[in-house]
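A.B. asks: All you need for my numbering is the position in the sequence shown, starting with 1, plus 4. Please find one structure pasted underneath; my questions will follow.
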Amino acid sequence: MAIRVNPKLIGELECYGAADVQNCYHCGNCSAACPFSKDPFVIPRKSMRQLQMGLEQRLCGTLEPWLCYYCGECSAQCPRGAEPGETMMSLRRWLTSRYDWTGLARLFYRSWKTELTALVLVSLLTLVGFLWMGFTVGGGSFNVYSGPGALFPAHTVHIIDLALAGLLVSMLASNALRMWWFTTGRDPELRPTLWMYVKNVLLLPFHFFTQARYRKCERKSPWAVHLGIFLGWVTMEMLVVLFIEVLHQEQTIWAAHAFGYVATVALLAGTGYAIVGRLRRKEAHYRHTHATDWMFLLLVAGAALTGIAQHAAYRWFGSDFTANVAYLVHMMLVVPLLAIQIPFSKLSHLAFRPLAMYLAAVHADALARQKTPELAAEALSLPA
Ligand code: SF4
Ligand code: SF4
């Protein structure tokens, strides 16, 4: 099969955050230092080489950038300052834009102004939509937060939450399917069996919920921060999508609210640590910050703070008016965060990374099966 080369690939990757890729002279120090570099996935040197050679289609079908957790060890060991860790991060952004069939991820990653404009537009649409709902379906008064006559009735908000969750999960699933096709499905040589898919399937929830591989990095704090933000985020999503009507009841339901408190603390602590780290730029994985990283962190922190304000206004100070205003602002941050970041930007890695771990195990099994007849033939001195 003819291999097409894209000589402009390195230049294209610069829009996604890559820098100094040309400095690499393939000494291999980075792969020796990487805790995850193991045959058949030699990271990050192989991706650096493919990038320099402009092998766009090969890179599009690789899982390797997703197997990197950006500990920064490779960049610290690189004698040429080629920043392999940041290159892997940039490749993950680039791959996200390739999996996305709408083309929006590509637009957002290549221009922060476009992503910011989209976030503002979705935020304004949310404002208009919620006000319209409040004054038509709801009671039409900012002075009622919960129960009959509430401005934003919990039942209606619940339906909106479910519809939005369904839409976003479908979008993400379609992009994940494309990821499978690019990395596995269209490879005529790999051909994993159905059993290989079945026997590894538990790796998907395992890596999704634990991010256990990240823990293998020498420093444990980045893993703890990442896990804190992730678990806080997932818990809040579950509460909002499934239990919004319970949370809006007049009486406090401690079983539900306790989860909310723990998740909010985890979210705020995690995002606070990450924001300070990115401002100080001392740790390798915080040295380079793409505009989309800032947008994500600021939206998450804003959503957590306005969530606290809404809760405090209603539960602690009994001000329905303040609670409704805080809730409106909260939704103006949460809806764009979900609608833009899950299918088209940073949050999509919640699906792509565990999927990559799963597919990597499937690939390893398929490659081992291919090698077995060759090794057996070698031992018997027979042609494979
Ligand atoms: S990125 Fe740096 S450490 Fe890795 S092969 Fe290239 S020059 Fe060597
Ligand atoms: S950043 Fe860490 S995990 Fe990623 S390639 Fe470099 S050494 Fe490996």
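Yeah, the Cβ is synthetic: ideal placement off N, Cα and C, and Gly gets one too.
Have a look at Ala360, Lys12, Ala330 and flag the residue whose alpha-carbon is nearest the alpha-carbon of Thr188.
C.D. replies: Taking the first residue of the sequence shown as position 1, residue 188 is located at position 184. Nearest C-alpha to Thr188: Ala360.
A.B. asks: Three-state secondary structure (DSSP) at Lys12?
C.D. replies: As a working note, residue 12 is residue 8 in the sequence shown. Looking at Lys12 - three-state DSSP - the assignment turns out to be coil, as it is neither helix nor strand.
A.B. asks: Can you tell me whether Val366 is buried or exposed, with buried defined as 16 or more other CB within 10 angstroms of its CB?
C.D. replies: On the sequence shown, residue 366 is found 362 positions in, with the first residue counted as 1. Val366 comes out buried.
A.B. asks: Looking at the structure shown, is Lys42 part of a helix, part of a strand, or coil, going by DSSP?
C.D. replies: By one-based count along the sequence shown, residue 42 stands at place 38. Lys42: strand per DSSP, three-state reduction.
A.B. asks: Mapping the DSSP letters down to three states, classify Ala22 as helix, strand or coil.
C.D. replies: Within the sequence shown, residue 22 is the residue found at index 18, counting from 1. Three-state result, Ala22: coil.
A.B. asks: Return yes when the C-beta of Gly76 is under 8 Å from any heavy atom of ligand 1, and no when it is not.
C.D. replies: Position 72 of the sequence shown holds residue 76. Not under cutoff, so the answer is no.
A.B. asks: Using 9 Å as the threshold, is the C-beta distance between Thr358 and Leu207 below it?
C.D. replies: Translated into the one-based positions of the sequence shown, residue 358 becomes position 354. Translated into the one-based positions of the sequence shown, residue 207 becomes position 203. The sequence given here has Pro at residue 358, not Thr. Yes, they are a contact pair.
A.B. asks: Mind listing, in chain order, the residues whose beta carbon lies closer than 7 Å to a non-hydrogen atom of ligand 1?
C.D. replies: That query returns the following residues: Asn27, Cys28, Tyr29, His30, Cys31, Gly32, Asn33, Cys34, Ser35, Pro48, Arg49, Met52, Cys78, Gln81, Cys82, Pro83, Arg84, Ala86, Pro88.
A.B. asks: Please work out which residues of its chain come closer than 7 Å, Cβ to Cβ, to Phe348, disregarding the five sequence neighbours upstream and downstream, and give them in chain order.
C.D. replies: Mapped onto the sequence shown, residue 348 falls at position 344. Hits under 7 Å: Asp104, Leu108, Ala109, Phe112.
A.B. asks: Taking the Cβ atom as the reference point for each residue, do Leu131 and Met336 lie within a distance shorter than 9 Å?
C.D. replies: Working through the sequence shown from its first residue, we reach residue 131 at position 127. Working through the sequence shown from its first residue, we reach residue 336 at position 332. Cβ distance < 9 Å, so Leu131 and Met336 count as in contact.
A.B. asks: For Gly153 and Gly138, which I take to be in contact (beta-carbon distance under 8 Å), what is that distance rounded to the nearest angstrom?
C.D. replies: Mapped onto the sequence shown, residue 153 falls at position 149. Mapped onto the sequence shown, residue 138 falls at position 134. Wrong, their Cβ atoms sit about 11 Å apart, outside the cutoff.
A.B. asks: Using beta-carbon positions only, say whether Leu63 and Ser79 come within less than 9 Å of one another.
C.D. replies: Position 59 of the sequence shown, counting from 1, holds the residue named residue 63. Position 75 of the sequence shown, counting from 1, holds the residue named residue 79. No.
A.B. asks: Buried or exposed, going by whether 16 or more other CB atoms sit within 10 Å of the CB of Ala381?
C.D. replies: Counted from its first residue, the sequence shown places residue 381 at position 377. A caution first: Ala381 carries a pLDDT of 46, below 50, which makes its placement in the model too unreliable to give a value.
A.B. asks: Measuring only the C-alpha atoms, how far is Asp24 from Arg102?
C.D. replies: The sequence position of residue 24 within the sequence shown is 20, counting from 1. The sequence position of residue 102 within the sequence shown is 98, counting from 1. If I take the Cα positions, the gap works out to 22 Å.
A.B. asks: Between Ile248 and the rest of its own chain, which residues show a CB-CB distance below 8 Å, the 5 nearest in sequence each way excluded?
C.D. replies: Here residue 248 refers to the residue found at position 244 of the sequence shown. The residues are Ala158, Val161, His162, Asp165.
A.B. asks: Can you list, in chain order, the stretches of the alpha helix (DSSP H) that have 4 or more residues and sit fully within the stretch 306-365?
C.D. replies: Counting whole runs of 4 or more residues, the stretch 306-365 contains the alpha helix (DSSP H) stretches 324-348.
A.B. asks: What does a CB cutoff of less than 6 Å around Asp369 pick up in its chain, not counting 5 residues either side in sequence?
C.D. replies: In the sequence shown, residue 369 corresponds to position 365, counting from 1. Answer for Asp369: Met200, listed in chain order.
A.B. asks: Classify Leu271: buried if its beta carbon has 16 or more other beta carbons within 10 angstroms, exposed otherwise.
C.D. replies: The sequence position of residue 271 within the sequence shown is 267, counting from 1. Its Cβ being crowded by 16 or more others within 10 Å, Leu271 is buried.
A.B. asks: Which residue comes first and which comes last in the alpha helix (DSSP H) that contains Trp136?
C.D. replies: For this step, residue 136 is matched to residue 132 along the sequence shown. 116-140 is the extent of the alpha helix (DSSP H) around Trp136.
A.B. asks: Under 8 Å: does the beta carbon of Pro44 sit that close to some heavy atom of ligand 2?
C.D. replies: In the sequence shown, counting from the first residue as 1, residue 44 sits at position 40. Pro44 Cβ: outside cutoff for every heavy atom of ligand 2.
A.B. asks: Return the CA-CA distance between Ala364 and Leu135, expressed in angstroms with no decimal places.
C.D. replies: By 1-based counting over the sequence shown, the position of residue 364 is 360. By 1-based counting over the sequence shown, the position of residue 135 is 131. Their backbone Cα atoms lie some 47 Å apart in a straight line.
A.B. asks: Report yes or no: do three or more beta-carbon pairs, one from the stretch 60-75 and one from the stretch 8-16, lie closer than 8 Å?
C.D. replies: Taking 8 Å as the limit for Cβ pairs, the verdict is that the stretch 8-16 does touch the stretch 60-75.
A.B. asks: For Gln26 and Gln56, which I take to be in contact (beta-carbon distance under 8 Å), what is that distance rounded to the nearest angstrom?
C.D. replies: Sequence index remark: in the sequence shown, residue 26 carries index 22 (1-based). Sequence index remark: in the sequence shown, residue 56 carries index 52 (1-based). Gln26 to Gln56, Cβ: 7 Å. Contact.
A.B. asks: Less than 9 Å between the beta carbons of Tyr218 and Leu235, yes or no?
C.D. replies: Within the sequence shown, numbered from 1, the residue matching residue 218 stands at position 214. Within the sequence shown, numbered from 1, the residue matching residue 235 stands at position 231. In this structure, Leu235 does not lie closer than 9 Å to Tyr218 by Cβ.
A.B. asks: Which residues bound the alpha helix (DSSP H) around Tyr201?
C.D. replies: Locating residue 201 in the sequence shown gives position 197, counting from the first residue. Segment 198-203, the alpha helix (DSSP H) holding Tyr201.
A.B. asks: Less than 9 Å between the beta carbons of Cys72 and Cys38, yes or no?
C.D. replies: Within the sequence shown, the letter at position 68 stands for residue 72. Within the sequence shown, the letter at position 34 stands for residue 38. Yes, the pair counts as a contact, with Cβ atoms nearer than the cut-off.
A.B. asks: To the nearest angstrom, report how far apart Arg8 and Pro48 are at their CA atoms.
C.D. replies: Working through the sequence shown from its first residue, we reach residue 8 at position 4. Working through the sequence shown from its first residue, we reach residue 48 at position 44. Looking at the two C-alpha atoms, the distance is approximately 22 Å.
A.B. asks: Would the stretch 300-307 count as touching the stretch 271-284 if we require 3 or more Cβ pairs under 8 Å?
C.D. replies: Touching, yes, given that three or more Cβ pairs across the two stretches are closer than 8 Å.
A.B. asks: Report the residue ranges of all alpha helix (DSSP H) runs contained in full by the stretch 46-114; include only those spanning at least 4 residues, in chain order.
C.D. replies: Those alpha helix (DSSP H) runs which fall completely within the stretch 46-114 and span 4+ residues are 49-57, 60-64, 68-71, 77-81, 88-103, 108-114.
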